[in-house]
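Protein chains in written order, with my numbering: chain A, 561 to 924; chain B, 561 to 924.
In this text, a Cβ means the ideal position worked out from N, Cα and C, and glycines have one as well.
Beneath this line is the structure, given in structure tokens, with notes to follow.
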DNA sequence: GCGAAAAATGTTACCGATATCATTCCGCGT
DNA sequence: ACGCGGAATGATATCGGTAACATTTTTCGC
């Protein structure tokens with residue numbers, strides 16, 4: 561803590577020596593013009609304020625280490641010169657970049673947005689910034705992460721748990737705190753915040769069964785996590801003796817249009833279908849539109865369940881029954897774990913399961 | 561260009577002097593174990609490969625400056641040691657950070673997501689990464705940008721044109737290429753990619769008038785850009801002699817719930833309302849839901865127009881009439897302008913107007 | 001009033017890459 | 001055979017902060 565200013569006389573320790581430079585007086589010392597023209601450095605500020613560079617550094621990053629009077633003087637000079645500390649230089653020396661990198665498969669039209677927002681906001685509270693990486697559903701994750709590592713992030717957020725062995729090795733070797741998210745595994749690279757897609761699938765299946773639907777069709781994406789949900793769903797059906805479910809697969813990311821096509825495909829098989837499970841809400845929305853067009857009443861003729869609780873899901877008509885995830889919590893908790901580890905704390909629970917909720921609405 | 565390898569004998573220029581160190585032989589030089597344990601630096605790689613640090617630097621960033629044989633040797637060492645260049649150090653010296661910062665008011669539930677995605681992807685193509693800043697609708701933009709400037713970004717993307725004089729000054733002084741987006745002004749800080757909100761508002765008004773609606777109510781957000789759209793809308797109405805329009809204002813970001821309340825408020829005024837213009841699609845969706853609940857047929861009893869062409873807008877029933885913006889184009893073009901300026905090219909057209917389209921659907 | 005501990009400030013070196021300039025080597029024309 | 005020019009590589013200084021340690025000043029107990 562700083563001492564009370566009143567107890568410390570304003571006189572400086574050493575009287576300015578009668579050097580060739582103008583003596584550093586109290587109010588009107590070196591002017592801005594005396595300083596190098598273009599980029600103001602910490603040494604420029606130091607010179608004008610009549611202190612050493614390290615004192616300026618302290619005044620800006622740990623003001624409590626500096627006399628109130630010194631602090632005020634330095635702040636004035638900073639304001640006057642428009643000095644902006646070069647974070648690159650500081651990070652290089654201190655080995656703390658105050659950057660956390662986040663890797664997402666894609667952001668438009670996905671649920672990750674809410675996680676990103678929560679992640680970024682929580683990080684900012686502690687003075688960290690988010691470096692955004694888009695991996696295009698895994699296609700270029702390796703290259704991306706290699707590039708990110710060179711930026712010396714203090715922490716890394718990854719979407720999902722499927723990474724190349726090479727990337728895993730690199731990340732573990734880097735010693736940087738890592739959170740994997742949106743999935744669950746007993747063996748994360750480091751930490752993990754997510755939920756079980758298998759169990760989500762099971763819950764979707766059970767919900768349909770409980771509502772009395774046994775003839776289930778699937779309109780489904782082929783990405784890794786969707787695939788796990790599918791396995792869960794199939795096993796829930798199997799537990800009730802339902803051996804198979806007609807499926808219309810499609811590439812990620814899922815779209816409304818794909819949902820329409822999906823239902824058309826399913827109906828074209830001629831098999832009896834009373835309910836359609838979708839790997840995400842946009843697909844469900846498409847299925848609903850296609851059903852309506854074909855004169856099928858929902859849920860009377862056809863039930864639909866989605867996944868993700870997208871913003872629109874509660875507001876379609878009928879509103880979509882879906883599975884809700886606390887997306888913001890994932891981002892927030894991930895940020896907090898990373899920050900804790902960056903502060904050097906041990907994180908006891910390496911794996912956090914945020915769970916999920918089946919939200920029954922009008923389509924089942 | 562490198563000479564053909566065949567023309568250059570594999571022997572190195574200077575025979576390794578009989579120094580105390582082991583002579584650097586062709587295949588089996590210094591082993592990994594000889595190198596410092598923890599962070600592999602460029603000098604470690606250089607030593608193992610038997611070249612100088614700068615040659616390694618060249619091999620990695622401008623391979624054409626190095627013999628094919630040298631390149632191969634260095635690449636092998638890099639792979640073997642798992643060397644990751646410290647970008648911070650390189651950036652500090654070269655004054656190129658290969659980072660572009662983007663500032664957005666918020667991302668969840670907004671249109672900016674598509675722009676972010678396009679921006680990030682285009683930047684990545686040129687080896688740049690996106691540093692994401694959330695300004696919470698302007699509340700902390702100043703502080704945020706001050707922090708960003710210290711990271712020495714090579715370019716800056718800003719949402720909107722309303723910035724504090726302090727921020728404007730700082731940005732102009734920094735000499736960093738800046739693109740402002742999602743708005744239009746003849747006097748940008750540097751470059752601009754956007755569209756005229758005033759004209760959007762006018763177009764919305766004209767559309768309603770053309771469809772025969774003269775009793776117009778507004779459910780509107782209070783952020784800067786929405787306000788400009790409102791002015792445009794009002795002036796279009798005024799041009800047809802309509803002096804006033806009942807308005808239910810609300811804070812940004814706009815939500816479905818706010819839309820419902822908004823319509824309730826408008827109807828409570830008792831004034832005659834045949835059409836509701838909304839400052840964004842989520843509001844429109846809420847208005848539609850509230851209208852349905854009150855037994856109002858759309859568009860027969862009440863017409864609705866939104867803004868933004870959100871993902872869901874085409875898929876509600878009835879589908880929402882709205883104003884579409886090419887959000888991805890904004891991001892892409894912004895990235896390209898920034899990259900061009902970073903490369904040192906002059907950008908002739910400082911201001912790009914991407915325009916907009918009124919998309920008539922089922923609600924008008 | 002003295003000495004030890006704490007507070008405030010300073011000196012120096014260093015983080016790890018690359019810009020700059022220097023040097024060496026080789027091919028080729030005359 | 002010689003000299004020139006370009007290709008390949010190297011030595012050194014430097015970017016702008018901060019860690020680590022040193023020094024000076026102040027406070028405070030007895």
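>> Less than 8 Å between the C-beta atoms of residue 683 of chain B and residue 694 of chain B, yes or no?
In response: What you label residue 683 of chain B is simply residue 123 of the second chain in a count that begins at 1. What you label residue 694 of chain B is simply residue 134 of the second chain in a count that begins at 1. Contact: no.
> With 16 as the cutoff for other CB atoms within 10 Å, does residue 716 of chain B come out buried or exposed?
Replying inline: Translated into positions along the second chain, residue 716 of chain B becomes position 156. Residue burial is scored here from C-beta neighbours: residue 716 of chain B has at least 16 other C-beta atoms within 10 angstroms and is therefore classed as buried.
>> Taking contact to mean 3 or more Cβ pairs, one atom from each stretch, closer than 8 Å, check whether the stretch 642-657 of chain B and the stretch 643-652 of chain A are in contact.
In response: yes
> Helix, strand or coil: how does DSSP classify residue 623 of chain B here?
Replying inline: Within the second chain, residue 623 of chain B is the residue found at index 63, counting from 1. Looking at residue 623 of chain B - three-state DSSP - the assignment turns out to be helix.
> Between the stretch 669-676 of chain B and the stretch 660-669 of chain A, are three or more C-beta pairs nearer than 8 Å?
Replying inline: yes
> residue 747 of chain A: buried (16+ other C-beta within 10 angstroms of its C-beta) or exposed?
Replying inline: Working through the first chain from its first residue, we reach residue 747 of chain A at position 187. Per the 10 Å Cβ criterion, exposed.
>> Report the CB separation of residue 750 of chain B from residue 658 of chain B in whole angstroms; it is logged as a contact under 8 Å.
In response: Position 190 of the second chain, counting from 1, holds the residue named residue 750 of chain B. Position 98 of the second chain, counting from 1, holds the residue named residue 658 of chain B. The C-beta distance from residue 750 of chain B to residue 658 of chain B rounds to 19 Å, too long to meet the 8 Å contact threshold.
> Hey, does residue 736 of chain A have any beta-carbon neighbour from chain B nearer than 8 Å?
Replying inline: Position 176 of the first chain, counted from the start, is the residue given in the question as residue 736 of chain A. Closer than 8 Å: no.
>> Residues of chain B with CB closer than 8 Å to the CB of residue 645 of chain A, please, in chain order.
In response: Your numbering for residue 645 of chain A matches position 85 in the first chain. In chain order: 710.
> Which residues in chain A sit within 9 Å of residue 635 of chain B, going by Cβ to Cβ distance?
Replying inline: Along the second chain, read from residue 1 onward, the residue named residue 635 of chain B stands at position 75. Around residue 635 of chain B, no beta-carbon contact reaches into chain A at under 9 Å, the shortest distance being about 14 Å.
>> Which residue wins for smallest C-alpha separation from residue 874 of chain A, given the options B:867, B:881, B:845 and B:599?
In response: Residue 874 of chain A sits at position 314 when you count from the first residue of the first chain. When each option's Cα is compared against that of residue 874 of chain A, the closest is B:845.
> Where residue 602 of chain A and residue 892 of chain B are concerned, what is the direct C-alpha to C-alpha distance, given to the nearest angstrom?
Replying inline: Position 42 of the first chain holds residue 602 of chain A. Position 332 of the second chain holds residue 892 of chain B. Their backbone Cα atoms lie some 37 Å apart in a straight line.
>> Give me the subset of the stretch 869-888 of chain B whose CB atoms are less than 7 Å from a CB atom of chain A, sorted by chain position.
In response: 871, 872, 875, 876 and 877
> What does residue 823 of chain A touch in chain B if you count any residue whose Cβ is under 8 Å from its own?
Replying inline: The residue you call residue 823 of chain A lines up with position 263 of the first chain. Within chain B, no residue comes near residue 823 of chain A; the closest Cβ sits about 14 Å away, beyond 8 Å.
>> Going by beta-carbon coordinates alone, are residue 759 of chain A and residue 792 of chain A separated by less than 8 Å?
In response: Mapped onto the first chain, residue 759 of chain A falls at position 199. Mapped onto the first chain, residue 792 of chain A falls at position 232. Yes; because the gap between Cβ atoms is below 8 Å, this pair is in contact.
> Listing by chain order, which chain B residues have their CB less than 9 Å from the CB of residue 605 of chain A?
Replying inline: Working through the first chain from its first residue, we reach residue 605 of chain A at position 45. Those within 9 Å of residue 605 of chain A in chain B number zero; the least Cβ separation is about 14 Å.
>> As a quick exercise: from B:762, B:819 and B:797, pick the residue whose alpha carbon is nearest that of residue 780 of chain B.
In response: Position 220 of the second chain, counting from 1, holds the residue named residue 780 of chain B. Of B:762, B:819 and B:797, the residue nearest in Cα terms is B:819.
>> Out of A:854, A:811 and A:799, which one is the CA nearest neighbour of residue 839 of chain A?
In response: Counted from its first residue, the first chain places residue 839 of chain A at position 279. When each option's Cα is compared against that of residue 839 of chain A, the closest is A:811.
>> In the DSSP assignment, the beta strand (DSSP E) including residue 809 of chain B goes from what residue to what residue?
In response: The count along the second chain starts at 1 and reaches residue 809 of chain B at position 249. Residue 809 of chain B: member of the beta strand (DSSP E) spanning 807-810, first to last residue.
> Going along the stretch 712-733 of chain A in order, which residues come within less than 9 Å of chain B, judged by CB to CB distance?
Replying inline: 712, 729, 730 and 733
>> With distance defined between alpha-carbon atoms, name the residue in A:741, A:776, A:637 and A:687 nearest to residue 915 of chain A.
In response: The residue given as residue 915 of chain A occupies position 355 in the first chain. Nearest of A:741, A:776, A:637 and A:687 to residue 915 of chain A, Cα basis: A:741.
>> With the cut-off set at 8 Å, would you say residue 679 of chain A and residue 894 of chain A are in Cβ contact?
In response: In the first chain, residue 679 of chain A corresponds to position 119, counting from 1. In the first chain, residue 894 of chain A corresponds to position 334, counting from 1. Against a cut-off of 8 Å, the Cβ pair of residue 894 of chain A and residue 679 of chain A comes out as a contact.
> I think residue 626 of chain A touches residue 710 of chain B, with their Cβ atoms under 8 Å apart; what is that distance to the nearest whole Å?
Replying inline: Against the first chain, residue 626 of chain A aligns to sequence position 66. Against the second chain, residue 710 of chain B aligns to sequence position 150. No, residue 626 of chain A and residue 710 of chain B are not in contact; Cβ-Cβ is about 20 Å, not under 8 Å.
>> Please tell me whether residue 775 of chain A and residue 834 of chain A are closer than 8 Å, where the distance is taken between their beta carbons.
In response: Counted from its first residue, the first chain places residue 775 of chain A at position 215. Counted from its first residue, the first chain places residue 834 of chain A at position 274. Result yes, Cβ atoms of residue 775 of chain A and residue 834 of chain A sit closer than 8 Å.
> Which residue from A:912, A:924 and A:922 puts its Cα closest to that of residue 743 of chain A?
Replying inline: Against the first chain, residue 743 of chain A aligns to sequence position 183. Taking only the C-alpha atoms, the option nearest residue 743 of chain A is A:912.
> Any idea what DSSP makes of residue 696 of chain B, helix, strand or coil?
Replying inline: One-based indexing of the second chain puts residue 696 of chain B at position 136. Residue state, collapsed to three classes: coil.
>> In this structure, how does DSSP classify residue 734 of chain B when only helix, strand and coil are distinguished?
In response: Start at 1 with the first residue of the second chain, and residue 734 of chain B comes out as number 174. Residue 734 of chain B falls in the helix class under three-state DSSP.
> Which residue spans inside the stretch 744-826 of chain B form an unbroken alpha helix (DSSP H) run of at least 4?
Replying inline: 757-770 and 784-799
> Can you find a C-beta in chain A that's less than 8 Å from the C-beta of residue 693 of chain B?
Replying inline: Stepping through the second chain from its first residue, residue 693 of chain B is reached at position 133. Yes - at least one Cβ of chain A is within 8 Å of the one on residue 693 of chain B.
> Any Cβ of chain A within less than 8 Å of the Cβ of residue 631 of chain B?
Replying inline: Translated into the one-based positions of the second chain, residue 631 of chain B becomes position 71. By this cut-off, residue 631 of chain B is not an interface position.
> According to DSSP, is residue 913 of chain A helix, strand or coil?
Replying inline: Position 353 of the first chain holds residue 913 of chain A. Residue state, collapsed to three classes: strand.
> chain A partners of residue 816 of chain B, CB-CB under 9 Å?
Replying inline: Numbered from 1 along the second chain, position 256 holds the residue referred to as residue 816 of chain B. Going along chain A in sequence order, the residues near residue 816 of chain B (Cβ under 9 Å) are 871, 872, 874 and 875.
> Which residues mark the beginning and the end of the alpha helix (DSSP H) in which residue 663 of chain A is found?
Replying inline: The residue given as residue 663 of chain A occupies position 103 in the first chain. No alpha helix (DSSP H) holds residue 663 of chain A; the beta strand (DSSP E) holding it covers 659-664.
>> residue 864 of chain B and residue 848 of chain B - do their beta-carbons sit closer together than 8 Å?
In response: On the second chain, position 288 is the one that residue 848 of chain B refers to. On the second chain, position 304 is the one that residue 864 of chain B refers to. Yes.
>> Which residues does DSSP list as the beta-bridge partners of residue 919 of chain B?
In response: What you label residue 919 of chain B is simply residue 359 of the second chain in a count that begins at 1. Residue 919 of chain B is bridged by DSSP to B:882.
>> Counting only C-beta atoms, is residue 804 of chain A closer than 8 Å to chain B at any point?
In response: Looking up residue 804 of chain A in the first chain gives position 244. Chain B, which has no Cβ nearer than 8 Å to the Cβ of residue 804 of chain A, makes this no.
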